[in-house]
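> In full-length UniProt numbering, the protein residues as written are 1 to 300.
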């Protein structure tokens, strides 16, 4: 019987719903650099659970761009669309704990309700918290409406989940290249504890009728399945780590080290994004910018 590989495991996990930009390059290069420095492994994972937006040509472009940057990764590449059974099993465990319920309110209904409540709280991403109460509908009625085929989202009952998880939920935030020996509360890895606050997200969606998972659920299942020990990603996902740590504790999954790196911003101070048409790595290549120059821009 072979022994488990003891090396640290890093991963870059893009979604094939557009072309990679400098922000993606920073994350991929940092993961590869940190894996190399730690004598670890570097994985590529394709997060393609959104069947309406993810496309094979974008997935092919991810491979092309990363090879152009000089990166290599272990095979086979994990594609989320091939592991729906694993996410469904995790969801069923949460359901068996009484922590999941179906909600039938549309996005328009949620917007109208929130508009009638001035000062309604928002989550760390700025979206209003889910304004309806699980207790307003019986679980039996919810099951009946699900069986009738109505559209629904499956939400984590945050108050119950936090109570089941218990106190002391936190994660260890790693400095990638500490300039001085660990101190001031940092452990031997140079990681400092960060208190998790999953309640700030309210009753988050963890699956939908048409898809048995969400980003929050699939990312923790994938990281555990792949033995990921270091999650290195953009600072825009730091707050979401609270939800991920909650799910890890509820599902009995291992806790990775985390590092949330600064984002690459455009000339107007906005984070680069596919949705706003930020210049892609393919565009930079077409303009004659070299891979070496892009690496410098991404890590500078």
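For each residue, glycine too, the CB sits at the ideal point set by N, CA and C. Note that the structure is a prediction, hence the values are computed from the model and not measured.
If residue 192 sits next to residue 173, beta carbons under 8 Å apart, how far is it from one beta carbon to the other, in whole angstroms?
5 Å between Cβ atoms; contact.
> Assuming residue 173 is part of the beta strand (DSSP E), what are its boundary residues?
Looking at the DSSP string, the run of the beta strand (DSSP E) that includes residue 173 is 170 to 174.
> So residue 237 and residue 90 are in contact, right, with Cβ under 8 Å, and what is the actual spacing, rounded?
Not a contact, Cβ separation roughly 20 Å.
> Report yes if the CB atom of residue 31 is closer than 8 Å to the CB atom of residue 274, and no otherwise.
The answer is no: Cβ separation not under 8 Å.
> Measuring only the C-alpha atoms, how far is residue 22 from residue 96?
Residue 22 and residue 96: Cα-Cα distance of roughly 42 Å.
> Do residue 219 and residue 259 have their CB atoms nearer than 8 Å?
Going by C-beta atoms, residue 219 is not nearer than 8 Å to residue 259.
> Could you check if residue 72 is buried or exposed, using at least 16 other CB atoms within 10 Å of its CB as the buried criterion?
Under this definition residue 72 is an exposed residue.
> So what does DSSP say about residue 261, is it helix, strand or coil?
The answer is strand: DSSP assigns residue 261 an E or B state.
> Grouping DSSP H, G and I as helix and E and B as strand, with all else coil, what is residue 234?
Strand, per DSSP.
> In this structure, how does DSSP classify residue 274 when only helix, strand and coil are distinguished?
Here residue 274 sits in helix by DSSP.
> Where do the ends of the beta strand (DSSP E) carrying residue 302 lie?
Because residue 302 is not part of the residues shown, which for the chain are 1 to 300, the question remains open.
> How long is the line joining the alpha carbons of residue 60 and residue 133, rounded to whole angstroms?
Looking at the two C-alpha atoms, the distance is approximately 43 Å.
> Taking the straight line between their C-alpha atoms, what separation do you get for residue 150 and residue 37?
Roughly 51 Å between the two C-alpha positions.
> Would you list, in sequence order, the uninterrupted alpha helix (DSSP H) runs of no fewer than 4 residues that lie entirely inside the stretch 70 to 111?
With a minimum length of 4 residues, the continuous alpha helix (DSSP H) runs that stay inside the stretch 70 to 111 are 84 to 96.
> Work out the CA separation of residue 285 and residue 102 for me, nearest whole Å.
Those two C-alpha atoms are separated by around 46 Å.
> Going by beta-carbon coordinates alone, are residue 87 and residue 221 separated by less than 8 Å?
Yes, Cβ-Cβ distance for residue 87 and residue 221 is below 8 Å.
> Where does residue 284 sit, in a helix, a strand or coil, going by DSSP?
Note: residue 284 maps to helix in three-state DSSP.
> With 16 as the cutoff for other CB atoms within 10 Å, does residue 198 come out buried or exposed?
That one is buried.
> Taking three-plus beta-carbon pairs below 8 Å as touching, is the stretch 63 to 83 in contact with the stretch 100 to 114?
No, because fewer than three Cβ pairs between the stretch 63 to 83 and the stretch 100 to 114 fall closer than 8 Å, the two stretches do not touch.
> The alpha helix (DSSP H) spanning residue 62 covers which residue range?
Looking at the DSSP string, the run of the alpha helix (DSSP H) that includes residue 62 is 56 to 68.
> Which partner residues of residue 52 appear in the DSSP bridge assignment?
In the DSSP output, where bridge partners are listed per residue, residue 52 has none listed.
> If you measure between the beta carbons of residue 129 and residue 118, is that distance less than 8 Å?
No, Cβ-Cβ distance for residue 129 and residue 118 is not below 8 Å.
> In this structure, does DSSP put residue 128 in helix, strand or coil?
Three-state result, residue 128: strand.
> Quick one: what's residue 195 bridged to in DSSP?
DSSP lists 170 as partners of residue 195.
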